[in-house]
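Colleague:
Residue numbers (my numbering): 1 to 140.
(1) Give the DSSP-derived three-state secondary structure of residue 15 in the structure shown.
(2) For the alpha helix (DSSP H) that residue 57 lies in, which residues bound it at each end?
(3) Please list, in chain order, all residues of the same chain as residue 122 whose beta carbon is under 7 Å from its beta carbon, the five residues on each side excluded.
(4) Using a Cβ distance threshold of 8 Å, determine whether the region 86-95 contacts the region 38-45, with at least three qualifying pairs required.
(5) Within the continuous alpha helix (DSSP H) that includes residue 120, where are the two ends?
(6) If you follow the alpha helix (DSSP H) that residue 80 is part of, which residue opens it and which one closes it?
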């Protein structure tokens, strides 16, 4: 007899044994999560040596909102340089070093530009919720 279990599963009624079997099967089929890559990894991925194999054919697909008037090489270099600036800022913050002497407004705009090249909607959401411009305006 084909029944529908209380939780909507067709077949036999769901018993504790069935739940254990499903849980065991789910554990076996899980894929290991991708571990986040360090900032330096991404910055190095945008080195010129990857232009031919990676960025010439794919940069505009990864960053669909790039300026059409600039070349892939120009954009790739701009992304590389922006990621390097971001990496340096992140390292200063992570090591509790002073960042007041840095051009933080420009660095915020640079981060925003990177995000906007990938997704203008994500940039808008980030900008709506950010507080850095308020903090920077209030600094002595």
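C-beta: ideal position from N, C-alpha, C; glycine also. Quick caveat, the model's predicted, so the values are computed rather than measured.
Modeller: Walking through what the data contain:
(1) By one-based count along the chain shown, residue 15 stands at place 15. In the three-state reduction of the DSSP assignment, residue 15 falls in the coil class, being assigned neither a helical nor a strand state.
(2) Position 57 of the chain shown, counted from the first residue, corresponds to residue 57. Going by DSSP, residue 57 is part of the alpha helix (DSSP H) stretching over 56-62.
(3) Here the question's residue 122 lines up with position 122 in the chain shown. Excluding sequence neighbours, residue 122 sits near 115.
(4) Segments in contact, yes.
(5) Translated into the one-based positions of the chain shown, residue 120 becomes position 120. Per DSSP, residue 120 belongs to the alpha helix (DSSP H) from 120-129.
(6) To locate residue 80, count along the chain shown from 1; it is residue 80. Element bounds for residue 80: 72-94.
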